[in-house]
Structures are given as C-alpha cells and as structure tokens.
Amino acid sequence: MTDTDKAPAPSRRALIGWGGAGLALGAAAAGGAVALTREGDDLQPTAAEAGAAVDFHGTHQAGIATPVQDRLHFAAFDVTTEDRAEFVQMLKDWTAAARRMTAGKAVGEGAYGGLAEAPPDDTGEALGLKPSRLTLTLGFGPSLFEKFDLAGQRPEALVDLPQFAGDNLDKNRSGGDLCVQACADDPQVAVHAIRNLARIGFGKVVIKWSQLGFGKTSSTTPDAQTPRNLMGFKDGTRNIAGTETDRLQKFVWAEGPGWMKGGSYLVARRIRMHIETWDRTSLQEQEDVFGRDKGEGAPVGKAKERDKPFLPAMKPDAHVRLAHPDSNGGATILRRGYSFTDGTDGLGRLDAGLFFLAYMKDVREGFIRIQRHLATDALNEYIQHVGSAVFAVPPGVRDKDDWWGRTLFSKEA
Amino acid sequence: MRAVRLSLVTATAVAALTAVTGCTEKGNSGDDDRVIDVTATDSKCEVSKKEFPAGHVELAIENKGSKVTEVYVLFPDDRIVTERENIGPGTKHKVTAEVKAGDYTIACKPGMKGDGIRQTVKATGGTAAKRDPRLDSAVAAYRQYAQEQADATLPLAKTFAAAVKAGDVEAAKKAYAPSRIGWERTEPVAESFGDIDPKVDVREDGLEDGQKWTGWHRLEKSLWQDKKITAADKTLADQLITDLTDWQQRVGKADITPTSMANGAKELLDEVATGKVTGEEERYSHTDLVDFKANVEGAEKSYELLKPVAKENNAALVTELDKQFAAIDTLLDKYRADKTSYDFTSYDKVGDADRKQLSDGVNALAEPLSKLAAAVVTKSS
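Same order as they appear, the protein sequences are chains A and B. Each residue of the first sequence is one higher than the one before, starting from 1 at the first, in the UniProt record's numbering. Each residue of the second sequence is one higher than the one before, starting from 1 at the first, in the UniProt record's numbering.
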C-alpha cells in the first residue's frame, strides 16, 4: 500500500464501480438490444454507455464482438528481445496494465503521488476520464512465429496475404510481430493505452507503425444506426452482430489449433481513399459503385437499408454485389474498421480513408476469398490499399491469473 | 518493479539541502521523535509536536477536512523545504525531508489557496542523517571524471580554435568533433551552471531574442555550410576557449549529488533522443554519432559509479541497464571501423531504418535509466 492508493480519487478511479456496470452491459449486449433503439444513434452513445467499462476477461478477447466504440489507436510492434522468458514477462506486464486501464484505472502505482525521484508508472493523460469502453485486443503476426521456436505453432489459417490487384503497400505501414487494437469512446483513452503499453515494452518490443482512427465504419450493434464511411455511404449494414452467436461461431471464432480455440484472425488494411476525385463523381455513379443509395442505404431497387439485396439488379462491378457473401460462397467476416485522416499529403490532398479491420475464422476463407473477388470492384478506381497486416488473435484472458498469450507460450497450457 | 518509499528518503528538499540528499540510510525509521502527525482540516493545521530533532523528519499528514489541501514545510523566509499537494479529503500522505537545526513553518492550505494555516516548529540539536559513504565516493569520483573531461577538452578545443584562426577549413573540420567529446560526456554538469552552455553549445534554432550566436555550432555552420572562415569566426574561436576555460575552472564547484548524477545520465540519453537521433545537433557537420557515443559514455560513467548502491536496491534494474548499455555500445560500433577511434559514420549516410534502430536502442536504454535515481535513494520491493 502506498499513499497513491489513498490519493484523491480521480473520476477514472472513482469509476472502478463501473466494472460492474460493464459486466451488466456486456451481458445485455450478449442477450439482446442493450439500451439502443432502432432510431438510436450509437455514434453518440448515451452517457452511461460511453463511460462504462467493458470487461477485460472472457472466453474471447473484448474488442471483437463487443459493441464498436468510436475511436481507435492501433499499433503494430516488432519484438526485439530474443529472450523468451523476458517476452513472456512483458506479456504478463501488458496484461496487468490492460486489466487496469480497461477498468478505468491508472497503470501500476499511478500517475502521481509516488517517489519524487522516479517517473510515474502511468503517464497521466487519462486521469479524470471515464473508462470509455476501452478494449485492448492483442494479436500475433506471422513473423512472430519465426521467433522463440514457435514455427510449429503457427496456425495454418494464419497465411501471409498474397499480393492483390491494385495493392501499393508501404512496408513501413505493414506487418508486425504483434498488434494491439485499442478502441474507446474517448480518443485520449485509446492513445493513453497504446502509449503506456509501448512504454512497458521498451527494450523488448518496438512500435513498427500505428494508426489513429476516428468514426467507426461498422458496428456490431445492428439496432443502432449504421455508421457511414468517408465516402458518405453506410458501411457494414449486414455486419455480424455481437448477439449473433451462431454467425460468430461459424465465421469468427477459431476452433484451432488448440491454443487458438476461442481466438480469431485479424486482417488490417490501410485503405487510402481518393477523396477529391470521389467528391467530383456524380451521385448516380457513386450509387452504382456501391450498389446502394446514398441516403437510406437501400440496395438497388429496394426501399430500405435492411431489405435483402437483389444482387443481379446491381451493376456487375458494384461493391456490394462483389463483396456480398452470396457472391463468395457464403464467406463472411466481422468488420470493425475506422475512418482515418492523417492530415494532408504533399500534394494538398487529404490523406484519408478507411483503416479496415476484420475478424474471421480463417483468413483464407474470409478476407482472401473476398478480396480476390473484389479485383474488378468499381470502387478500386477511388481507393488504394497502402498498408496491410494479418494477425492471429488468441482467446480471451480468462481471469485475474491469466495473461495474454498464455495458451501459446505456457508449456503446460 | 515498483519502488516503495522508505521512511528515510529525502523528498523534494534537494536544492535547499544538497548536503544531505540522496540518503539511503536506514535504521531510525521507527524513531517516533522524527514523526510529526499533521492533522489538516478546513480551519486547522494541528501538529503533534512543535520540537523535534534535526535530521530526518517525517510528516504523517491526514486531511480530515472537506477540501483538498496542501502541506508545506517552509524556511523562515518562506522558501520551500518540502511540500505535498493534492491531499484529498479523508486521505493520508507521508512527506519526508532532511532538515538542519532551526525554525521552520508547517503550513496547511485547505482549498490549495492562500498563505495557509501556519504552525511554527523547531528542529533542535541533532544531526542530519548521513549519506551512504559509497554515494559520497560516487559523487567524488564523478566530480573527478567531470574535471578530467574538462581538462582534456581544453587542448583539443585549442587545436580546433587554432585551425579556425589559421583559416584552415579542413584542419578545423577535422578538429571539430574531437573537441566536443569531453563536453558531451559531462554536459549536465556544464548545463548546471546555466550561463556556459548557451555560449558554447547553442544551435541557431535555440537562440533567444537578441542573443548573439557563439560557440561550436556557429563555427560548424561556417566550416560546413558557408565553407569559409570569417574574421568574426576567428574572434568566436577565441571566445570559445575563454568560455570553456571558465567551465574547466568551475567544474570543481559544481553542485553534484547522487540524484543529479542519475538524472544527468538520463538527461544525456534525452539529448541523444531529441538531438542526435534526429540529426539536428550536428546538422552541418553530421558528426552526430560522435556526440551520441560521448553522451552514452558519460551516462554509463554515472551509472557505473552508482551501480553498487543501485544494485542493492534494485538488482533487476541493474541487470537490465547492463544489458541495454552493452546493446547500444554494440549498435554504435557498427558505425565505426576502429573501436578505439571516434571516427564514426557521417550521420547523413545513416538511413531511416538504421536511424529507427538507433532510436529504438535509445528508448530501450533510457526507459530503465529513468528509474536509476529512484534506485539510488530507495529500495524496491
């Protein structure tokens, strides 16, 4: 016990009690409609929802099927240590920090009140902020399996992505031995989480690249209004919902190898949009490109967003038509992407687009199958994939004694 | 590794009480004479005793009021001996300090405003707790090191200045980086004087309004950018020697403590992280890696001297620092053919990927190094 524990309680600390609320919310989310109505707007969550904590522990990691928050900080790391025990200790330290931060608490001994001679454990910028539904989701990239004698553990489903038509990938925005997806309703909470994990990781891992995202482009709560991407179209209307346990089981949760049971596979793609040329495109062409109307989001020839699309009515190269499960042998993925704008490029154009994130049971049957089919997508004229990464996302941290990656790294697991 | 505050740790009274800072002595922590209970309310500031022995004291503060408060220990002239802010209602805090015999004021500031509610107290007789003699030796050895660096720098700087004054651009370029090594190794000591660093080591972007640009970097620009030596440069070369002589003569009087040594080591790595890794420090000569190496060497010197005490207090930290110092040294060796020379690769020839690797190495070392000061004054659990 140090005096930090007795320090005046900032509201993040005061909100420890929200952990219980978070559990309740999680349960509600799993069971049904939460507090959101069809007319509700989950882009602006109610105060309680925005402030709540999402339970860090569970069969699956939070941040996949749990309700999508508004903000993202995604970081890919490379491992620099060659010492397996040191790396495992870091995963345990990360887990402890993640457990605290997702509950709205400061890392370690806190951000102030400790030794005057030592830098505080926590960096402090999230003090006074609510837990903000922070979720932290860890993934292992293919290159990690070349280290620590893990080659035999690499899942078959974790394939290196092939080169797709139109790819213009920047290696400085691609790959990574590890990733952490931090999602929260407050951007500062998400950034704080990545910053503190990176700090704990110094000497063991280095940040390879990271991406900030604002504005979710898909939701896992279909009763809420479907969010729009930066092209102005509703995105993810038929996304897998957090409540659809059958579809989650069928398309998202991995069944093996043993250490991956209950995990998933994540594909991350930085998709730059040619915003300026898109904005000069006629409404008719924009709607033809997507295969939905811009206002309601209804499929071609239908009245309502959620009406079942009649694919033959769409242009052969319409995005929805090509990406639809019916055109891909049923292939379905859980999308969880965010819009991004990293200022402007040197030519005065917005450096903006979609940071695409999708979870799936098998990368070969999910993203690769669909992306191959999108080779003729009319949308390709307006977008370019400039970053790419794929990760095996291990199962959830079960309880306070468990840690991220235990099933992979613990010999007895 | 969490650091736990021992009862015999100096808090923030470092500047005022340099002679007794960095204390690690244990032993009288159970001595009730040295514990003053301070009960703060919205209208009162009660102290359990008004007289106590000089030396180590501990304030056990409890805020029983409804407002957030602060507690200060002040000298008679209101200079702060130590303080604790943000003491919430219903919370307890401990503040420790080393005080010499004399009169002091304890002030509680409910609402953290105003002059506070004051109590006059007296420290009597007694003696200040003594510092671990190994730390005294470390400070003495570091002071000697700093002096040696200054003494060795002067002849090298004079060689540089002589070349400038002779108008010999090539000879001056050659003498430039070596003349800076001793300075870069011990820069925190020089910076502690306040006035010398802005004269000898300021960069053009660091000039304040009205400040004349003098020192190494002005000459660096002439040699590499302008490629000529002016009459003004020759005067600046003389000025550089004058200022460095001033530095050499003052090193012996520098205010050095174990904590300042540890923080100085961390500051040297900060210098590397913000100036050298980016190539900003030596933007014309691109001799950044020479400075980088010198900064690391200076940090390592402080660390080695503090290591015996740090190892007792936090063995894991020492293991990590040994590893990371070795790693950064190995990495830097990639950029010189001869490990005994300071002839490093020109930094403009170091690509982005290599710069990131250097930056990652600095982060890996600087993060644990930031915990060295705590390991010098406290035992971790």
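From the three backbone atoms N, C-alpha and C, an ideal C-beta is built for every residue, glycine too.
Give the residues of chain A in contact with residue i, contact being defined as C-beta atoms less than 9 Å apart.
i, result
"residue 370 of chain B", "118, 119"
Are the CB atoms of residue i and residue j nearer to each other than 9 Å?
i, j, result
"residue 85 of chain B", "residue 98 of chain B", "no"
"residue 180 of chain A", "residue 71 of chain A", "no"
"residue 153 of chain B", "residue 182 of chain B", "yes"
"residue 444 of chain B", "residue 109 of chain B", "Lying outside 1 to 381, the shown extent of chain B, residue 444 of chain B is not represented and no answer is given."
"residue 143 of chain B", "residue 254 of chain B", "yes"
"residue 241 of chain A", "residue 220 of chain A", "yes"
"residue 196 of chain A", "residue 218 of chain A", "no"
"residue 355 of chain A", "residue 318 of chain A", "no"
"residue 178 of chain A", "residue 140 of chain A", "yes"
"residue 272 of chain B", "residue 223 of chain B", "no"
"residue 385 of chain A", "residue 215 of chain A", "no"
"residue 96 of chain B", "residue 58 of chain B", "yes"
"residue 343 of chain B", "residue 336 of chain B", "yes"
"residue 393 of chain A", "residue 264 of chain A", "yes"
"residue 313 of chain B", "residue 366 of chain B", "no"
"residue 143 of chain A", "residue 268 of chain A", "no"
"residue 288 of chain B", "residue 297 of chain B", "no"
"residue 60 of chain B", "residue 37 of chain B", "yes"
"residue 161 of chain A", "residue 367 of chain A", "yes"
"residue 304 of chain B", "residue 187 of chain B", "no"
"residue 375 of chain A", "residue 74 of chain A", "no"
"residue 371 of chain B", "residue 119 of chain A", "yes"
"residue 112 of chain B", "residue 47 of chain B", "no"
"residue 250 of chain B", "residue 193 of chain B", "yes"
"residue 168 of chain A", "residue 339 of chain A", "no"
"residue 133 of chain A", "residue 225 of chain A", "no"
"residue 236 of chain A", "residue 227 of chain A", "yes"
I want to verify the contact list: residues of chain A whose CB lies under 8 Å from the CB of residue i, in sequence order.
i, result
"residue 322 of chain B", "Near residue 322 of chain B there are no residues of chain A at all, since even the closest Cβ is about 12 Å away, more than 8 Å."
"residue 360 of chain B", "80, 206"
"residue 373 of chain B", "117, 118"
Per the DSSP calculation, residue i is bridged to which residue(s)?
i, result
"residue 273 of chain A", "A:383"
"residue 280 of chain A", "According to DSSP, which records beta bridges pairwise, residue 280 of chain A is partnered with nothing at all."
"residue 358 of chain A", "A:267, A:335"
"residue 92 of chain B", "B:62"
"residue 148 of chain A", "Paired residues: none, contrary to the question."
"residue 203 of chain B", "According to DSSP, which records beta bridges pairwise, residue 203 of chain B is partnered with nothing at all."
"residue 78 of chain A", "A:206"
"residue 118 of chain B", "B:107"
"residue 215 of chain A", "None; residue 215 of chain A has no bridge partner."
"residue 72 of chain B", "B:83, B:107"
"residue 234 of chain A", "A:228"
"residue 36 of chain B", "B:59"
"residue 52 of chain B", "B:123"
"residue 198 of chain A", "None; residue 198 of chain A has no bridge partner."
Just confirm the distance between the C-beta atoms of residue i and residue j, as a whole number of angstroms; I'd bet it's less than 8 Å.
i, j, result
"residue 56 of chain A", "residue 62 of chain A", "6 Å"
"residue 151 of chain A", "residue 127 of chain A", "That pair is no contact at about 43 Å."
"residue 352 of chain A", "residue 275 of chain A", "5 Å"
"residue 185 of chain B", "residue 149 of chain B", "5 Å"
"residue 145 of chain A", "residue 87 of chain A", "13 Å between Cβ atoms; not a contact."
"residue 157 of chain B", "residue 229 of chain B", "Contact doesn't hold; Cβ gap of about 16 Å is too wide."
"residue 373 of chain B", "residue 259 of chain B", "5 Å"
"residue 304 of chain A", "residue 296 of chain A", "7 Å"
"residue 93 of chain A", "residue 176 of chain A", "Their Cβ separation, rounded to whole angstroms, is 19 Å, which puts residue 93 of chain A and residue 176 of chain A out of contact at 8 Å."
"residue 256 of chain B", "residue 189 of chain B", "7 Å"
"residue 103 of chain B", "residue 76 of chain B", "5 Å"
"residue 244 of chain B", "residue 202 of chain B", "Going by Cβ atoms, the distance from residue 244 of chain B to residue 202 of chain B rounds to 14 Å, so no, they are not a contact pair."
"residue 158 of chain A", "residue 404 of chain A", "Not a contact, Cβ separation roughly 17 Å."
Which residues of chain A have a Cβ atom closer than 7 Å to the Cβ of residue i, listed in chain order?
i, result
"residue 202 of chain B", "Here the premise fails: no neighbours, minimum Cβ distance about 27 Å."
"residue 378 of chain B", "115"
Using a Cβ cut-off of 7 Å, pull out every chain B residue sitting near residue i, in sequence order please.
i, result
"residue 202 of chain A", "363, 364, 367"
Quick one: is the Cβ of residue i within less than 8 Å of any heavy atom of the ligand FMN?
i, result
"residue 210 of chain A", "Because no ligand of any kind appears in the structure shown, any question about the ligand FMN cannot be addressed here."
Original post:
Using a Cβ cut-off of 7 Å, which residues of the region 259–281 of chain B contact any Cβ in chain A, in chain order?
Top reply: Identification of residues in the region 259–281 of chain B having a C-beta nearer than 7 Å to some C-beta of chain A yields 259, given in sequence order.
**OP:** Return the residues of the region 103–116 of chain A that lie within a Cβ-Cβ distance of less than 9 Å from chain B, sorted by chain order.
**Re:** The region 103–116 of chain A vs chain B, Cβ under 9 Å: 108, 109, 112, 113, 114, 115, 116.
Original post:
Listed from N- to C-terminal order along the chain, which residues in the region 171–201 of chain A have their beta-carbon within a distance smaller than 8 Å of any beta-carbon of chain B?
Top reply: Here the close residues are 199.
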